[in-house]
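Notes follow the structure.
In the numbering used here, the protein residues as written are 7 to 169.
Okay, here's the thing in structure tokens:
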């Protein structure tokens, strides 16, 4: 199954963020969400990518956007990685059944047993408005995300003016 395209309702999910807490996509209705699927904690490209989004937290906040990282690593691995890298982005464990959420979004790689490096910008109503699958070894940066968030903000502003 290919990665989900813009215009599709984002599949809901609930994944562990800590050993005793789960995060559901529906918790963020009413605000944009950026889903960041990545292969693995501790890999160099993933470390750089998540560090970049962490540093840009204030810019994402200007759009009211919530960033959620998703990989097949377990919660304890996420916890250690997050503490070591001083991340403030929730990292969600798509661990068991392995890759179930990545599969829903069409970004699970059977050949390596990990999520692909993929980005999804979801609007306040839960519709995917932008998606991008990056080559595994390349950090996709944040430019595409910000363009998508700017486009969402313009549409919301225009809709507010028309109402």
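Glycine is no exception: its CB is placed at the ideal position from the N, C-alpha and C atoms.
Extent of the continuous beta strand (DSSP E) to which residue i belongs
i, result
"residue 136", "134-140"
"residue 27", "27-30"
"residue 5", "Since the first and last residues shown for the chain are 7 and 169, residue 5 lies out of range."
"residue 21", "20-24"
"residue 75", "72-77"
"residue 43", "39-43"
Residue environment, residue i, which counts as buried when at least 16 other CB atoms sit within 10 Å
i, result
"residue 48", "exposed"
"residue 55", "buried"
"residue 94", "exposed"
"residue 136", "buried"
"residue 169", "Model confidence at residue 169 stands at a pLDDT of 48, short of 50, so the residue's coordinates are unreliable; what they give is reported in the following sentence. The residue is exposed, with fewer than 16 neighbouring Cβ atoms inside 10 Å."
"residue 108", "buried"
"residue 144", "exposed"
"residue 75", "buried"
Minimum C-alpha distance to residue i - residue among the options
i, options, result
"residue 78", "104, 29 and 128", "104"
"residue 11", "60, 126 and 100", "126"
"residue 2", "70, 118, 158 and 165", "Here the chain comprises residues numbered 7 to 169, so residue 2 is not present and cannot be evaluated."
"residue 35", "18, 97 and 26", "18"
"residue 20", "89, 69, 84 and 99", "99"
"residue 155", "139, 111 and 134", "134"
"residue 182", "16, 8, 9 and 7", "Outside the displayed range of the chain (7 to 169) lies residue 182, so it cannot be described from this structure."
"residue 66", "27, 163 and 158", "158"
"residue 72", "96, 142, 124 and 150", "96"
"residue 146", "69, 64, 52 and 84", "52"
Opening and closing residue of the alpha helix (DSSP H) in which residue i lies
i, result
"residue 63", "63-68"
"residue 113", "Careful: residue 113 lies outside any alpha helix (DSSP H) and carries neither H nor E."
For residue i, three-class secondary structure by DSSP
i, result
"residue 158", "helix"
"residue 93", "coil"
"residue 150", "helix"
"residue 10", "coil"
"residue 169", "Unreliable placement is indicated for residue 169, whose pLDDT of 48 sits below 50; the coordinate value is still reported in the next sentence. Coil."
"residue 102", "coil"
"residue 35", "coil"
Exercise. Within the chosen definition, does the stretch 21-35 reach the stretch 58-68 through at least 3 CB pairs nearer than 8 Å?
Worked result: no
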